[in-house]
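Number of protein chains: 2
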Amino acid sequence: MPATIRDVARASGVHISTVSRTFSAPHLVNPETRSRVLACAEELGYRPNRAARALITGRTHNIGLIIADIANPFFPPLIKAAESQARQRDYHVFVADTNEDPIAEEELVHALAKQVDGVLLCSPRMSNSMIEQLSREVPLVVINRQVAGLPCVTMDVGQGARSAVEHLLGLGHRRIALLSGPRGSWTSREIRRAAGVAARAGGAEFTVIGPNQPTETGGAALAEQVRRSAATAVLAYNDLMAIGLIEGLDALGARVPQDVSVVGIDDIALSRLTRPKLTTVATPNAAAGRTAVDMLLQHDTVAARGSRGGRGVTSDDRRTTAQVMLQTELVIRDSTAVAPADGRNRPDAESVIPGPHRLAGPGRPTAATGGVVAS
Amino acid sequence: MPATIRDVARASGVHISTVSRTFSAPHLVNPETRSRVLACAEELGYRPNRAARALITGRTHNIGLIIADIANPFFPPLIKAAESQARQRDYHVFVADTNEDPIAEEELVHALAKQVDGVLLCSPRMSNSMIEQLSREVPLVVINRQVAGLPCVTMDVGQGARSAVEHLLGLGHRRIALLSGPRGSWTSREIRRAAGVAARAGGAEFTVIGPNQPTETGGAALAEQVRRSAATAVLAYNDLMAIGLIEGLDALGARVPQDVSVVGIDDIALSRLTRPKLTTVATPNAAAGRTAVDMLLQHDTVAARGSRGGRGVTSDDRRTTAQVMLQTELVIRDSTAVAPADGRNRPDAESVIPGPHRLAGPGRPTAATGGVVAS
DNA sequence: CTGATTGCTGCAAAGGTTTGCAGCGAAATA
DNA sequence: TATTTCGCTGCAAACCTTTGCAGCAATCAG
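Those protein sequence lines, which keep their order, are chains A and B.
Per the numbering used here, the first sequence starts with residue 1, numbered consecutively.
Per the numbering used here, the second sequence starts with residue 376, numbered consecutively.
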């Protein structure tokens, strides 16, 4: 039913190649012919079949974006930034949600493989080796994970976690708990490592609770366990868990921040709306989305996959793959306060800093880590 | 670089058609041959090129989902439900975000057209005539809008708005304001109509403020205007605006619900997390997503587009297009209370009902509206 | 006036798959 | 033994484009 290039050719009395050129190389066709073809195309409602075009050019002008959980407000800013960046370059973004399921991740990469020019793999839960394997099927840029030999954009959550712990130490906390994230999360491992180091360096007890579902209910379910741990301060894998935990603690009669201080990570919009407003580590999500698209498209413009569309792949095939790390910043709000006085915590801690307070600039690539690594 | 069907054929010493059948019609090929082919395919890492397959079968096994704003928590449950429903039927969902922009909507439909078997158009902002035109290019199911001749799934926001207004009237409010939604929103028009009727029927003043951006900041920006209107109760187009408004009112020193009652629509997860917890009209988003996928696929399974893949389109071409409307329900929480006593409001109003309180069952299709309409 | 250039168009192959049809050998039937 | 049936495989067309190459007429340079 929908008109093909052949219909237009017939209607305007030219060869299909002329119709094709009318759209993809207008300067090669006589203005008179061109307008006639355009008129016919318009009338028939003709639209080039992008799938067929992709088959021969090797370019779909689509990019896939695979994320763990669309319901997590962490992702929308990243998605939107990626979309707008892609649109500027005349690309479209298709988003897909994996429900935190590594199997679904793999399946989606396969499903997308031939329908996009590259995939942004955001917060993958699958193994590094699987990612490497998939990267042979379709160009990949990994977000929130470092994989050797692949282009990655990460956020310096290690630094963020350290700042958060140091903030808590400064408030006198000496028993700090970490609610870790889902199994398979690179971010969670980084946070755990950095927070552990910082806590021990400050002479504090450090207990890890998890792995956990990185959701509000996931956080709420941990309230009891946190209480039992006798921690006076908690760092959560993300804001959603932190908010859930606060709710859960509230239900148990523990007040935040008087009894327990809570720090999240991400700085989602919601963290400014809850009471108390959440102290959290802000991650530069939008910048990450933009950067990832840039990295993919830069890669991508160099050499078209398959077919003779791209005239000759560069003989220098070892492409350099950049690994970028973006800065994070601690945002102090109302969910952290001086540790309650008891045997172990220091009552003489410095007083709480009121109101929002930013400690670092928003995610610029760090000079040290923004370098280039040969794949 | 990636292996094609030809490579596998060569490697296993059979014709490409046998390889093809190994995957798409295994029972037609000798078990022995089959396993040999499978082994070779495995070894070469062969995956059928879905785009090429789609070209001839006319089926991509993808469906597109176009939504207005991914950052609005209203959508994720709908998206997830659609995805899981689609996955059960062996389809994949590609989500795209339009930033509330009608132009982007149109462009995205075109971009998706040949790469999916159908598109779910959620909360469209473009004109009905444009939607009809696009529907000739690709099967469409419209969500949150009624378009004659097209399959639609809507939620009974009219009923919801009426319940909300009646709830407010029952609390003694006699000056009710409506924060309307974005231009082009069918839902917003429905709400406005129903709320207006109900308010006037209850003898209340009814003022409409808008159209507005349906976001938190959009709502916050209206606080002053609401104050000036002297309304004691406000119904917002969605929860996000309601929450923003509460923030805005708070900043102005007006307390919710003591000074002003606020009702939202959607019942997003967030509405349970803010203080005060939001009274709102719950919409069955997940059910809508599921239903829409069902409607699309039912349509879709009947007759494959183009090519000889589907053997013969049914001669009876006037397909019946269902229009389903799902029920909504008022959820009473803490953001509504008895109207403050003044000249115009009734001080003798019934007292506030404490705690969550559900008035209707969750979105089952109503018998009256779940019918079938010939296109 | 000849030869080269330019501007436009047509031809046909290619991209990776599916599928109706035909062919072939072996088994089952008569 | 002759004939049908059956199970499996190969052939080739088709899906809709893009694009290198060749052809053609008209223009230009010499």
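Heads up, the beta-carbon is just placed ideally off N, CA and C, and yes, glycines get one too.
Quantities reported herein were computed from a predicted structural model and do not represent experimental measurements.
query, result
"Uninterrupted beta strand (DSSP E) stretches inside the region 541-585 of chain B (no shorter than 3 residues)", "550-554, 580-584"
"CA-to-CA distance, P340(A) to D259(A), given in whole angstroms", "6 Å"
"DSSP-derived helix/strand/coil call for G13(A)", "coil"
"Helix, strand or coil at S538(B) [DSSP, three-state]", "helix"
"Spatially closest choice to P499(B) from E481(B), R550(B), L487(B), Q508(B), by CA coordinates", "E481(B)"
"Neighbourhood of Q225(A) by C-beta distance below 6 Å, restricted to the same chain and skipping five residues each side", "I209"
"Exposure label - A579(B); buried when at least 16 CB within 10 Å", "buried"
"CB contact check: T57(A) to chain B, cutoff 8 Å", "no"
"Closer than 7 Å at the beta carbon, the chain A residues around A488(B)", "R47"
"Cβ-heavy atom distance, G535(B) to the ligand ATP, below 7 Å", "Ligands displayed in this structure: none; no statement on the ligand ATP is therefore possible."
"Opening and closing residue of the beta strand (DSSP E) in which E591(B) lies", "Segment 591-595 is the alpha helix (DSSP H) holding E591(B); no beta strand (DSSP E) there."
"C-alpha distance - D117(A) paired with G64(A), whole-angstrom precision", "8 Å"
"Chain B contact residues for L270(A), given Cβ-Cβ distances below 7 Å", "L645"
"Cβ neighbours of L112(A) in the same chain (closer than 8 Å, five flanking residues each side left out)", "G64, I66, F94, A96, V119, V138"
"Status (buried if at least 16 other CB within 10 Å, exposed otherwise) for D90(A)", "exposed"
"Same chain only: Cβ atoms within 8 Å of E166(A), ignoring 5 sequence neighbours per side", "A198, G202"
"Same chain, Cβ closer than 6 Å to T283(A), five either side skipped, listed in chain order", "M155, D266, T328"
"P362(A) versus P77(A): straight-line alpha-carbon distance, rounded", "Only weak support exists for where P362(A) lies, its pLDDT of 40 falling under 50; the coordinates are left without a value."
"Whole-Å CB distance - I551(B) paired with A606(B), under 8 Å assumed", "6 Å"
"Contacting positions in the region 447-473 of chain B - beta carbon closer than 9 Å to chain A", "N447, P448, F450, P451, P452, I454, K455, E458, S459, R462, H467, V468, F469, V470, A471, D472"
"Bounding residues of the alpha helix (DSSP H) (the contiguous stretch that carries L44(A))", "31-44"
"Close-in-space but distant-in-sequence residues of the same chain around A39(A) (CB under 8 Å, 5 per side omitted)", "S12"
"Members of the region 505-520 of chain B near chain A, C-beta cut-off 8 Å", "R511, E512"
"is_contact[E725(B), chain A] using C-beta, thresh 8 Å", "Unreliable placement is indicated for E725(B), whose pLDDT of 42 sits below 50; no coordinate value is reported for it."
"Opposing strand residues paired with I518(B) [DSSP bridges]", "C497(B), V528(B)"
"Touching by the beta-carbon criterion (3+ pairs, under 8 Å), the region 610-620 of chain B and the region 586-602 of chain B", "yes"
"Residues near V412(B) in its chain [Cβ-Cβ closer than 6 Å; skip 5 each side]", "S387, V394, T397"
"Proximal residues of chain A, C-beta to C-beta of A429(B) below 9 Å", "A51, Q115"
"Per-residue contacts from I551(B) into chain A (C-beta, under 9 Å)", "In chain order: nothing, as chain A lies at least about 25 Å away."
"Chain-order list of residues whose beta-carbon lies under 7 Å from that of N503(B) (same chain, five-residue window excluded)", "V522"
"Under 7 Å by beta carbon: chain B residues contacting T33(A)", "None at all; the shortest Cβ gap to chain B is about 24 Å."
"Distance CB(L330(A))-CB(A288(A)) smaller than 8 Å", "no"
"Within chain B, partners of L245(A) - CB distance below 9 Å", "The premise fails here: L245(A) is roughly 12 Å from chain B at the closest Cβ pair, so nothing lies under 9 Å."
"Test: G312(A) CB closer than 8 Å to a CB of chain B", "The predicted model places G312(A) with a pLDDT of 32, which falls under 50 and marks its position as unreliable, so this point remains unresolved."
"Below-8 Å beta-carbon distance, H167(A) vs any chain B residue", "no"
"Residues sharing a beta bridge with H467(B), DSSP", "N437(B)"
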